[in-house]
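Counting from 175, one number per residue, gives the positions in the first sequence under my numbering.
No residue lacks a Cβ here, since even glycine has one placed at the ideal position from N, Cα and C.
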Amino acid sequence: MSDQKKSKIEARSPRGLADRDAAELAATGRMLDVIRSVYELYGFEALETPAIEYTDALGKFLPDQDRPNEGVFSFQDDDEQWLSLRYDLTAPLARYVAQNFDRLPKPFRSYRFGNVYRNEKPGPGRFRQFMQFDADTVGAASPAADAEICMMAADTLEKLGIPRGDYVIKINSRKVLDGVMKAIGLEGDENAGRRLTVLRAIDKMDRLGPEGVRQLLGPGRKDDSGDFTKGAGLADDAVATILSFTLGGQYKDGEPRFGLFELLGRSNVGAEGAEELLEIEDLVRDAGFGPERIRIDPSIVRGLEYYTGPVFEADLTFETKDEKGHPVRFGSVGGGGRYDGLIGRFRSDNTPATGFSIGVSRLYAALKLVGSPVVSAAARLGPVVVLALDRDHIADYQRMVAALRNAGVSAELYLGSSGMKAQMKYADKRNSPAVVIQGSDERAKGEVQIKDLIEGARASAAISTNEEWKSARPAQFSAPESELVEHIKALLARQG
RNA sequence: GCCGCCAUAGCUCAGUUGGUUAGAGCACCAGAUUGUGGAUCUGGGGGUCCCCCGUUCAAGUCGGGGUGGCGGUACCA
Numbered sequence: 175m176s177d178q179k180k181s182k183i184e185a186r187s188p189r190g191l192a193d194r195d196a197a198e199l200a201a202t203g204r205m206l207d208v209i210r211s212v213y214e215l216y217g218f219e220a221l222e223t224p225a226i227e228y229t230d231a232l233g234k235f236l237p238d239q240d241r242p243n244e245g246v247f248s249f250q251d252d253d254e255q256w257l258s259l260r261y262d263l264t265a266p267l268a269r270y271v272a273q274n275f276d277r278l279p280k281p282f283r284s285y286r287f288g289n290v291y292r293n294e295k296p297g298p299g300r301f302r303q304f305m306q307f308d309a310d311t312v313g314a315a316s317p318a319a320d321a322e323i324c325m326m327a328a329d330t331l332e333k334l335g336i337p338r339g340d341y342v343i344k345i346n347s348r349k350v351l352d353g354v355m356k357a358i359g360l361e362g363d364e365n366a367g368r369r370l371t372v373l374r375a376i377d378k379m380d381r382l383g384p385e386g387v388r389q390l391l392g393p394g395r396k397d398d399s400g401d402f403t404k405g406a407g408l409a410d411d412a413v414a415t416i417l418s419f420t421l422g423g424q425y426k427d428g429e430p431r432f433g434l435f436e437l438l439g440r441s442n443v444g445a446e447g448a449e450e451l452l453e454i455e456d457l458v459r460d461a462g463f464g465p466e467r468i469r470i471d472p473s474i475v476r477g478l479e480y481y482t483g484p485v486f487e488a489d490l491t492f493e494t495k496d497e498k499g500h501p502v503r504f505g506s507v508g509g510g511g512r513y514d515g516l517i518g519r520f521r522s523d524n525t526p527a528t529g530f531s532i533g534v535s536r537l538y539a540a541l542k543l544v545g546s547p548v549v550s551a552a553a554r555l556g557p558v559v560v561l562a563l564d565r566d567h568i569a570d571y572q573r574m575v576a577a578l579r580n581a582g583v584s585a586e587l588y589l590g591s592s593g594m595k596a597q598m599k600y601a602d603k604r605n606s607p608a609v610v611i612q613g614s615d616e617r618a619k620g621e622v623q624i625k626d627l628i629e630g631a632r633a634s635a636a637i638s639t640n641e642e643w644k645s646a647r648p649a650q651f652s653a654p655e656s657e658l659v660e661h662i663k664a665l666l667a668r669q670g
């Protein structure tokens, strides 16, 4: 006995992977429909690529020697080539565009959604499989393409039920960041490591605040758990320059508040990036998007690898409480930017591209918290359940089910082996609108009992004793079997 | 990866200085009601007290190691 028990497999899902039930699938489906409709309104067309790609096509993350890369699920094909599950939707798009370059219209504007996979430590709202929804314009170098992406992101969030003011699309530029680095003397290959450290420090501004970032730019920082993070080791004046840039660089419309150009004047790339940023800002302002929706924020860094120009981040700015009453800030629910070098990895000539990616799973959780109707609509009704009371007359019940189905009404015969009470409970759990009851009494009279479960549940609130409950038989009526379909249809219409 | 906290029924948790057969609420199943969801009452099923080793007459409880979870931090294309 105990041996048998021990040999049973424990039913469990792998870490960071989750099942999704009917209610969540329906809500997610509505959410995807909204996003899709906005993207199509902006003129993007659908595309799907596989979940598996050749590892070298995904980026620079090749399995070194015999060890597949960390963070990426990888395995070898039977011809020994390395394959990987995609970890975003941008790298596969670059591969697709390069592979089909000659027949695609340029600029090529596409949207894609699907699951992506990252083999890293899961956490609250962080999974190893999650859904992204991307839109990209490939083959357009103009800042107008970047501006359009930002406006579309803002429109999408509002269409999903996030009020204006509860989100902001922040934009920055990798070129500007490079210019700032140059201004403090961090140029050349020998400083690549320190530049990375500086960027990571800036990226933590929202979480650690100016003082934490100051420590990370200088000698280093010891966190609450006692762990020490080595800093960039910059001199005090360099730290001050970066902090004043990221903090004080809150631009007024069209005009940086402090001497951005003065600072960046020392580098062409920085000035160029600033020009682009300000052009994007002009474009979105002209289109009616104010700074409460889209604004420049010099502390945005985003991914460190393939972005070459403007970068975007969609942040939720409101605070809510979780189930335990702790304040929760959602922060980033999407991001993107310009990646002019990615397609060039496959081709001799380069192709500019810009895009944006929504973290669907994370945004879904946020929409639940703000009570967006897109995800909080009432649960879908289940089928009308025809009870199986008399096992010798299954064919009769099946005929009723078929009649309902022919009339376009979702219906099913109870297929289990339990008694009547359990069948009622089953219908209740399925969220059925109604049950159809025919025992020997009804059959003798050629009738059926129809019970409205929604109305019945409402009526039960006023009934306290069991006797009352039994005798009242709330929301139940009998009808000739020949009129079953029309009565059910009328009942469904009443329920709305 | 690093630091800290935690692990008892499907869920939330009690469990005394180590001491008989490990409990509660909720959930689930059944009966009260020849044939009716809810409420109430009664009963029932369900446990490797995370795993292994050790200390002890005796371990859910103490010690060591492992695994898993949570929080922070690092990384995050």
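In this model, Ala581 and Glu655 are separated by some 15 Å (Cα to Cα). Distance between Ala314 and Ala527, taken at the CA atoms: about 6 Å. Residue Ser584 holds the alpha-carbon nearest to the alpha-carbon of Ala608 among Gly620, Ser584, Lys619 and Ser592. For Arg369, the enclosing alpha helix (DSSP H) covers residues Ala366 to Asp377. No Cβ-Cβ contact shorter than 7 Å links Ala649 with Gly670.
Around the Cβ of Gly359, a 10 Å sphere holds fewer than 16 other Cβ atoms; the residue is exposed. Looking at the DSSP output, Asp460 shares a beta bridge with no other residue. When secondary structure is reduced to three states using DSSP, Thr491 falls in the strand class. Beta-carbon to beta-carbon, Leu417 and Ala406 are separated by about 12 Å, too far to satisfy the 8 Å threshold. For Asp207, the enclosing alpha helix (DSSP H) begins and ends at Ala196 to Leu215.
The way I'd put it, the region 298-318 doesn't touch the region 336-348; fewer than three beta-carbon pairs between them come closer than 8 Å.
Annotated three-state conformation of Ile568 is helix, per DSSP. When Cβ pairs closer than 8 Å are counted between the two stretches, the region 477-487 is seen to touch the region 447-454, the count reaching three or more. Secondary structure in the region 604-654: the alpha helix (DSSP H) runs of 4 residues or longer, each lying completely within the stretch, are 614-619, 627-634 and 640-646 in chain order. Residue Ile624 holds the alpha-carbon nearest to the alpha-carbon of Met574 among Phe492, Val507, Ile624 and Ile532. Here Ser591 is exposed, its C-beta having fewer than 16 other C-beta atoms within 10 Å. Between the region 557-564 and the region 592-605, the count of Cβ pairs shorter than 8 Å is three or higher; the stretches touch.
Leu232 and Tyr261 have their C-alpha atoms some 8 Å from each other. Counting of Cβ neighbours within 10 angstroms places Lys349 among the buried residues, the total reaching 16 or more.
For Gly288, the enclosing beta strand (DSSP E) stretches over residues Phe282 to Tyr291. In the structure shown, Gly511 falls within a strand segment according to DSSP collapsed to helix, strand and coil.
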